[in-house]
Structures are given as C-alpha cells and as structure tokens.
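> Once you've had a glance at the structure underneath, I'll fire off some questions.
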Amino acid sequence: DDLEVKQHFEMLSTSMWTLFKMMTMDGWTSVAEAVLEERPWMILFFLVFIFLSISSVSIVPAIFLETHMIQRENARKQMRTKEFQQQQQVQREKMRHFFRV
35 DDLEVKQHFE MLSTSMWTLF KMMTMDGWTS VAEAVLEERP WMILFFLVFI FLSISSVSIV
95 PAIFLETHMI QRENARKQMR TKEFQQQQQV QREKMRHFFR V
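Numbered by our numbering, the letters in the sequence shown go through residues 35 to 135 in order.
In structure tokens:
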C-alpha cells in the first residue's frame with residue numbers, strides 16, 4: 035500500500051490532483067484508507083481537510099448569492115427613488131399649472 039500512497043502523493047501535481055479529488059469527494063475514502071494504514075495520525079489532516087473543503091464549497095456560493103441579493107435590493111431602491119422623483123415632478127407641474135390659471 036505504500037506504493038499506492040506514493041502514487042497519489044509522489045509529486046506536487048499528483049498530490050494536488052489527489053487533494054482536489056478528495057475535496058470533491060470523488061473516491062476519497064480509498065485514498066484516505068491507504069494513507070491511514072501507513073500513518074494513522076493523518077486522520078486529523080483528512081478530517082480537517084474534508085471539513086474545510088465542504089465549508090468552502092458552501093461558503094463561496096453563499097457569498098455570490100448575498101452579493102447578488104444586495105445588488106438587486108440596491109437596484110430596487112434606486113428604481114423606487116427614481117419613481118418617487120418622477121411623481122414629485124408631475125405634482126410640481128400640476129401645481130404650477132394650477133396656480134398659473
């Protein structure tokens with residue numbers, strides 16, 4: 035199994051690919067089991083890595099959604115302000131017309 039661990043973590047590129055696969059939960063258990071047979075204390079790494087991966091995968095879309103919602107609310111406020119200003123302008127014109135007569 036040491037050969038399997040080497041195969042996944044021998045070079046930086048393969049290590050990054052293995053960690054990416056683990057982050058996406060694609061076959062991560064087989065990798066973790068192979069590593070844990072050789073180094074049982076690595077369970078801490080895997081637990082933290084999986085937790086942070088799931089957390090970051092959840093947080094990133096939440097940030098984009100919140101930003102989108104804030105922009106949408108600001109656009110609504112601007113639209114309401116513009117409509118209010120237009121109504122005020124119409125009222126002013128009516129008042130001018132009324133008092134001219």
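Glycine is no exception: its CB is placed at the ideal position from the N, C-alpha and C atoms.
(1) The alpha helix (DSSP H) with P95 in it runs from where to where?
(2) Taking its Cβ as the centre, do 16 or more other Cβ atoms sit within 10 Å of V69, making it buried, or is it exposed?
(3) Reducing DSSP to helix, strand and coil, say where T58 ends up.
(4) How should M56 be labelled, buried or exposed, when 16 other C-beta atoms within 10 angstroms of its C-beta is the threshold for buried?
(5) With a threshold of 7 Å on Cβ separation, who are the neighbours of S90 within its own chain once the five nearest residues in sequence on each side are excluded?
(6) Count the other CB atoms, across all protein chains shown, that sit within 10 Å of the CB of V65; report buried if there are 16 or more and exposed otherwise.
In this structure, then:
(1) I77 to R134
(2) buried
(3) coil
(4) buried
(5) none
(6) buried
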